[in-house]
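Take 27 as the starting number for the sequence shown in our numbering and just add one per residue.
Each remark here refers to the structure printed beneath this line.
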Amino acid sequence: MESLVKFVQDEFVTKKDFPEFAAGDTITVYYEITEGAKTRTQFFRGVVIQKRGTGASQTFTIRKMSGTVGVERIFPLNLPAFQKIEVNKRGKVRRARIYYFRELTGKKARIKERRR
């Protein structure tokens with residue numbers, strides 16, 4: 027049964043080429059929103075908190091600050107509404123899931139940039 031599910035996902039789920047990113051990276055996600063008959067492009071820019079799952083069910087969580095309120099959004103990696111993903115900054119963190127980032131404010135909430 028598992029191999030059948032994997033076969034269907036490989037054959038019928040369209041995969042787009044997005045850049046590699048990990049926890050701590052600052053990315054911008056451009057996606058389409060349909061409002062009635064109109065569609066428009068909206069973007070969400072923030073720090074990647076985590077990536078989880080494998081294959082077609084892979085998701086990632088982005089956190090941004092909207093004023094003084096933290097906003098998190100979970101995106102499936104193979105969402106058909108995605109137009110593009112831009113990696114703005116590569117972050118240097120030691121963990122794959124940086125949940126501790128939620129409690130940090132001010133200068134402590136800065137993430138060092140990874141050197142290439």
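For each residue, glycine too, the CB sits at the ideal point set by N, CA and C.
It should be emphasised that the depicted structure is a prediction, and the values quoted were computed from it without experimental measurement.
Compute every distance between the C-beta of Ala135 and the non-hydrogen atoms of the ligand PLP, then say whether any falls below 6 Å.
For the ligand PLP, the structure offers nothing, since it holds no ligand at all.
Under a Cβ-count criterion, where at least 16 other Cβ atoms within 10 Å of its own Cβ denotes burial, should Val73 be classed as buried or exposed?
Position 47 of the sequence shown holds residue 73. Val73 is buried by the Cβ-count criterion.
Out of Asn104, Tyr125, Gln109 and Thr94, state which residue places its alpha-carbon closest to the alpha-carbon of Ser83.
Counting from 1 along the sequence shown, the entry for residue 83 is found at position 57. If we check each option's Cα against that of Ser83, Asn104 comes out closest.
According to the Cβ coordinates, are Lys115 and Thr54 closer than 7 Å?
Here residue 115 corresponds to residue number 89 of the sequence shown, with the count starting at 1. Here residue 54 corresponds to residue number 28 of the sequence shown, with the count starting at 1. Not closer than 7 Å, so no.
Which one of Thr131, Lys138 and Phe47 has the shortest CA to CA distance from Met91?
As a position in the sequence shown, residue 91 is number 65, starting the count at 1. Comparing Cα positions, the closest option is Thr131.
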